[in-house]
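Notes follow once the structure below has been shown.
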Amino acid sequence: IANLPGELNISINLLSKYFEVGDYVKSISGEHEGDTGYVLKVIMDSSGGWGYNAMAKVLSSSINNEFCARVDHLRLTSQRPEPMDAMGEFAVAQLVRLEGRQNSRGLIVRLEAGTRAIVLCTDGSKHEVGFGDMEPVALPGKWMYNRTWTMDKKGKKIKPGAIVKCPRGSKGRTHPLKAEVLFIHNEFCFLRAVEALTGE
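Numbering-wise (UniProt numbering), the sequence shown opens with residue 1 and increments by one.
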């Protein structure tokens, strides 16, 4: 501080990290360690200060949801989560079984932080799922699985590997895109389009 003679002593109990809305942060400890996102809101502690119990609400950069973390567990970062193609027994574009969910089958569309996946479910929604809450679906041999089929809306058979046309949006009002059928589960098809992995 200008014109202040000598040293200024400050108790470490008064020190705290400071974040503003819009800051891009990474969780370095706690339940959400490894997650990154944008600060939406800062929630002060019970005394109205920036103490240890001050929290931040963060919009996750990997999926459209929010999480809360102590400001002490966050730091500013320019690092974006690095997508991976495979991790252990899991890989992008793999069909998995989800524990405790009504939509029990899903397709991995992204792997992050070595501990979780973004999974596309049969209702078209995406969920962030820990590796411990899913397991690979055992498929029959390629020759047998390629005999699996379902009917399209015109009553024609479609099989894994077929190229089909599908709507870009849930209302189907835009020009359709071409996609490859990756998996068939009951009456649902998991498709891979040029733009992204899509469930329809």
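Quick reminder that beta carbons are idealized off the backbone N, C-alpha and C, glycines included.
DSSP places LYS142 in the uninterrupted alpha helix (DSSP H) bounded by 142 to 145.
Within its own chain, the residues whose Cβ lies closer than 8 Å to the Cβ of ASN146, once the five positions on either side in sequence are excluded, are LYS159, PRO160 and GLY161, listed in chain order.
Secondary structure at GLY130: strand, using DSSP grouped into helix, strand and coil.
Of the residues assessed, HIS32 falls on the buried side of the cut-off, its CB having 16 or more other CB atoms within 10 angstroms. SER61 and MET151 have their C-alpha atoms spaced approximately 37 Å apart. Boundaries of the beta strand (DSSP E) around ILE184: 177 to 185. Between LEU191 and ARG101, the alpha-carbon positions lie close to 21 Å from each other.
SER27 is classed as buried because its beta carbon has at least 16 other beta carbons within 10 Å across all chains shown.
Taken through DSSP and simplified to helix, strand or coil, VAL42 comes out as strand. When DSSP states are grouped into helix, strand and coil, VAL58 belongs to the strand group.
DSSP places VAL109 within a strand segment (E or B) once states are collapsed to three. Residues of the same chain with a CB within less than 7 Å of the CB of THR148, apart from the 5 flanking positions on each side, are LYS159, PRO160 and ILE184 in chain order. At a Cβ-Cβ threshold of 8 Å, PHE188 and THR122 count as neighbours. Comparing C-alpha distances from VAL21 to each of ASP133, PHE90 and VAL42 shows the shortest one belongs to VAL42.
Between the alpha carbons of GLY34 and GLY88 lies a distance of about 18 Å. Put simply, the backbone Cα of HIS175 is about 7 Å away from that of PRO167. Just so you know, the alpha carbons of VAL71 and SER78 end up roughly 17 Å apart. Rounded to the nearest whole angstrom, the C-alpha separation of MET44 and ALA69 is 12 Å. In the assembly as shown, GLY37 is a buried residue. Its beta-carbon has 16 or more other beta-carbons within 10 Å.
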